[in-house]
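Chains as they are written, first to last, in the working numbering: chain A, 1 to 326; chain B, 327 to 652. All C-beta atoms, glycine included, are put in the ideal place defined by N, C-alpha and C. Before any comments, here is the structure.
2 protein chains.
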Amino acid sequence: MYTIRDIAKTANVSVATVSRVMNNSGYVSTETRKDVEKAIKKLNYTPNRHAQNLRRGDTHNLGIITTTLTGSVIDIVESFIDFAHQANYTTSLFNSSNKANIEVEVLNRLKSKELDGLFIIYRANDWDIIEPYLKYGPIVTLHYIDEEAINIPSVYIDHYQGYRMILEDLWKNGYHSFVNVLGSPRGLNTKRRIEAYLDFCAEKKIIPHDIEPFLDMTDHSYGKQVLSLVAQMNPKPDAIIANSDLVASGIIAELNRKGIKMPEDLAIVGFDNQKISYLMNFTTVDYSIQEQGKNAARILLNQLDKKQHYKLVPLEFELIKRSTTK
Amino acid sequence: MYTIRDIAKTANVSVATVSRVMNNSGYVSTETRKDVEKAIKKLNYTPNRHAQNLRRGDTHNLGIITTTLTGSVIDIVESFIDFAHQANYTTSLFNSSNKANIEVEVLNRLKSKELDGLFIIYRANDWDIIEPYLKYGPIVTLHYIDEEAINIPSVYIDHYQGYRMILEDLWKNGYHSFVNVLGSPRGLNTKRRIEAYLDFCAEKKIIPHDIEPFLDMTDHSYGKQVLSLVAQMNPKPDAIIANSDLVASGIIAELNRKGIKMPEDLAIVGFDNQKISYLMNFTTVDYSIQEQGKNAARILLNQLDKKQHYKLVPLEFELIKRSTTK
DNA sequence: TTGAAAGCGCTAACAG
DNA sequence: CTGTTAGCGCTTTCAA
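See below:
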């Protein structure tokens with residue numbers, strides 16, 4: 001493998017000049033530049049990235065960490081990667097599988113300078129474990145953090161509005177008894193959905209259903225469980241609102257297997273407007289999940305390179321009506 | 327940020343000793359080791375990975391490149407990442423979006439030592455562009471390569487058998503006229519499927535349908551197109567075999583929207599046994615796509631560290647019958 | 001068992 | 001405009 005010294009020798013210049021040519025820095029005469037470029041081409045030379053990194057003190061490499069790669073996560077990841085790449089940053093994707101120690105390893109990569117910044121999609125550790133790593137590099141998360149002491153920026157979108165949008169539309173179309181299938185009880189999304197639900201019930205003067213049994217349902221495998229819970233309820237709910245398209249898809253798959261008709265016997269609504277919602281033709285809420293991934297990249301990049309500023313794109317909800325609701 | 331020198335000073339030893347402690351190499355007395363470890367903990371020290379990389383000449387980082395992150399790709403990626411991580415390697419995921427120049431950039435990372443090895447899932451360049459990079463590090467691909475001159479190892483599984491399995495089962499259940507929805511015409515998977523189909527037709531003495539119009543369908547968006555082609559055919563086919571679950575899902579979504587009944591009016595079979603096939607309840611073929619991702623990691627790792635040897639796991643096909651075939 | 005010192009390949013300050 | 005050189009933080013040889 002050739003080094004910068006080989007190029008310098010071949011082109012009859014100093015290593016500094018070669019470096020200048022490669023980085024377009026400082027003054028180099030057109031002629032010397034040509035010589036150097038010829039030498040680089042001739043030896044088919046590529047600079048050693050580790051030496052550059054060590055010398056420069058950064059990597060132009062951003063980390064992404066999540067506890068799972070299912071559902072909408074992959075869309076977020078993809079848009080983040082694309083944006084970062086456009087800005088000339090590489091990315092490393094890590095899946096902690098919800099193991100706290102793996103996540104800490106990744107956080108340590110920030111400390112060891114292997115990562116210039118980190119995008120936390122889903123986390124396995126408490127925020128107070130994560131926050132100290134802020135001093136080693138910028139961190140951004142998908143979640144809103146409702147602990148006041150924590151200063152990690154977020155591309156969070158408040159689910160309250162999106163949820164209200166669903167409830168209003170269902171109500172308008174004659175549905176009056178809703179079941180809320182919810183995600184992790186400690187997540188703010190869950191809390192905001194519950195608030196939206198309770199507020200709505202208060203306004204419409206209806207008695208809210210018990211929320212407890214439908215908590216912490218995070219993937220498509222909960223279909224059966226949801227339906228058996230619903231079957232026991234009295235009076236029977238006429239609409240199920242799921243916290244994600246992934247969960248909704250599992251419920252619908254089960255409904256189909258049981259021969260229960262939508263929207264006649266039951267309405268069902270997902271969340272995220274993922275491909276699966278189109279394929280299975282169910283009602284859902286869109287909010288440009290891709291833009292969320294890009295915003296995360298923008299926040300990181302803005303901190304890494306103070307000279308430039310990417311403007312964040314505000315996110316908005318839109319109800320996508322399909323065959324599972326009237 | 328602290329360096330190895332700070333630790334050395336704090337522990338009253340030389341940097342060499344600190345290095346020995348960190349890497350568990352050479353002799354260090356139990357006592358000095360304790361001192362050093364105490365110092366490391368006290369200063370909350372993490373070694374600079376770039377310096378290590380530069381010095382050692384490798385990174386323990388594997389690259390993954392694909393042209394898309396849809397469908398089964400993500401399962402392969404995830405299993406590859408998990409396996410690599412277990413073997414103490416990190417991974418960087420790149421999405422070329424089918425752009426040749428982006429792919430070349432990634433190949434250059436192999437050259438610049440940023441990547442120790444590369445897993446090519448789908449490629450944008452011709453093999454003869456890619457092959458020269460073999461001298462900079464091991465490469466493995468998902469595809470079989472049928473150009474003799476190319477020496478890139480592969481975790482390919484021959485689709486011929488899987489395809490025959492589908493055809494035999496359909497035949498046994500009374501289907502006699504098949505449409506083949508196929509992927510990229512230059513891919514070997516497509517070729518092998520066509521061979522399987524033609525062989526089968528010859529054996530059963532039936533006239534094969536025209537293959538041309540159903541070529542190069544690679545994602546779920548082809549549903550409508552397939553159905554309009556099928557509608558024009560005479561006699562009408564009674565079964566559609568898709569090259570992937572992704573494509574099958576698009577066709578089924580369209581069939582559902584049109585109210586066409588499966589398996590009565592039409593049978594449909596996917597390929598890959600992805601989650602979507604469970605959710606939409608259609609027949610498909612399983613072959614442990616995860617193991618394919620792991621095998622890719624195994625091949626790379628075996629070349630990177632000659633001392634150890636991960637055994638490759640052979641892949642087998644299994645027909646998963648669901649509601650879209652008799 | 002430990003330390004001194006060379007050097008991985010590069011960038012950038014400084015001198016000319 | 002170009003060259004010399006220090007040094008990024010680490011591992012490893014060699015000598016003690």
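Looking only at DSSP bridge pairs, what is residue i linked to?
i: A/E318; result: A/D286
i: B/L388; result: B/T417, B/G443
i: B/V507; result: B/A568
i: B/I333; result: Looking at the DSSP assignment, B/I333 forms no beta bridge with any residue, so it has no partner.
i: A/S154; result: A/T141
i: B/A593; result: B/A565
Could you confirm whether any beta carbon from chain B is found closer than 8 Å to the beta carbon of residue i?
i: A/P47; result: yes
i: A/E264; result: no
i: A/M280; result: yes
i: A/K41; result: no
i: A/G250; result: yes
i: A/N53; result: yes
i: A/K326; result: no
i: A/K275; result: yes
i: A/I74; result: yes
i: A/A124; result: no
i: A/A253; result: yes
i: A/N180; result: no
Counting contacts by CB-CB distance shorter than 8 Å, is residue i in contact with chain A?
i: B/A522; result: no
i: B/G585; result: no
i: B/A622; result: no
i: B/E404; result: yes
i: B/H376; result: yes
i: B/S510; result: no
i: B/D571; result: no
i: B/L541; result: no
i: B/D408; result: yes
i: B/L395; result: yes
i: B/N628; result: no
i: B/N499; result: no
i: B/N477; result: no
i: B/N582; result: yes
Got a sec, what are the start and stop residues for the beta strand (DSSP E) residue i sits in?
i: B/V466; result: 465-467
Could you tell me the boundaries of the alpha helix (DSSP H) in which residue i lies?
i: A/V230; result: 223-232
i: B/D411; result: Reading off the sequence shown, one finds His at residue 411 of chain B, where the question assumed Asp. 399-412 is the extent of the alpha helix (DSSP H) around B/H411.
i: A/L170; result: 159-172
i: A/K34; result: 30-43
i: B/Q634; result: No alpha helix (DSSP H) contains B/Q634, which DSSP labels as neither H nor E.
i: A/H50; result: 49-56
i: B/K461; result: Per DSSP, B/K461 belongs to no alpha helix (DSSP H) and is neither H nor E.
i: B/E348; result: It should be pointed out that residue 348 of chain B corresponds to Met in this sequence rather than to Glu. Element bounds for B/M348: 341-349.
i: A/F200; result: 188-204
i: A/S97; result: Counting along the chain, A/S97 falls outside any alpha helix (DSSP H), and DSSP gives it neither H nor E.
i: A/S277; result: 275-279
CB-CB under 6 Å to residue i, same chain, minus the five flanking residues each way: which ones, in chain order?
i: A/I102; result: S96
i: B/R648; result: N607, F608, T609
i: A/N98; result: T67, A124
i: B/D384; result: D442
i: A/F317; result: Q161, G162, M165, V285, Y287
For residue i, which residues in the same chain have their Cβ closer than 7 Å to its Cβ, ignoring the five residues on either side in sequence?
i: A/S14; result: A8
i: B/S345; result: I330
In chain order, what residues of the same chain have a beta carbon less than 8 Å from the beta carbon of residue i, not counting five sequence neighbours either side?
i: B/R359; result: V347
i: B/I520; result: N506, L508, I537
i: B/W453; result: I471, E473, I476, I478
Going along the stretch 346-360 of chain B in order, which residues come within less than 7 Å of chain A, judged by CB to CB distance?
-> none
Given a limit of 8 Å on CB to CB distance, which residues of the stretch 415-431 of chain B reach chain A?
-> Listed by position, the residues of the stretch 415-431 of chain B near chain A (Cβ gap below 8 Å) are T416, T417, S418, L419, F420, N421, S423, I428.
Listed in chain order, which residues of the stretch 543-563 of chain B have Cβ atoms closer than 7 Å to some Cβ of chain A?
-> Under the 7 Å Cβ criterion, the stretch 543-563 of chain B contributes H546.
Using a Cβ-Cβ cut-off of less than 8 Å, give me the residues of the stretch 429-448 of chain B that come near chain A, in sequence order.
-> N434, R435, K437, S438, K439, E440
Listed in chain order, which residues of the stretch 311-323 of chain A have Cβ atoms closer than 9 Å to some Cβ of chain B?
-> S323
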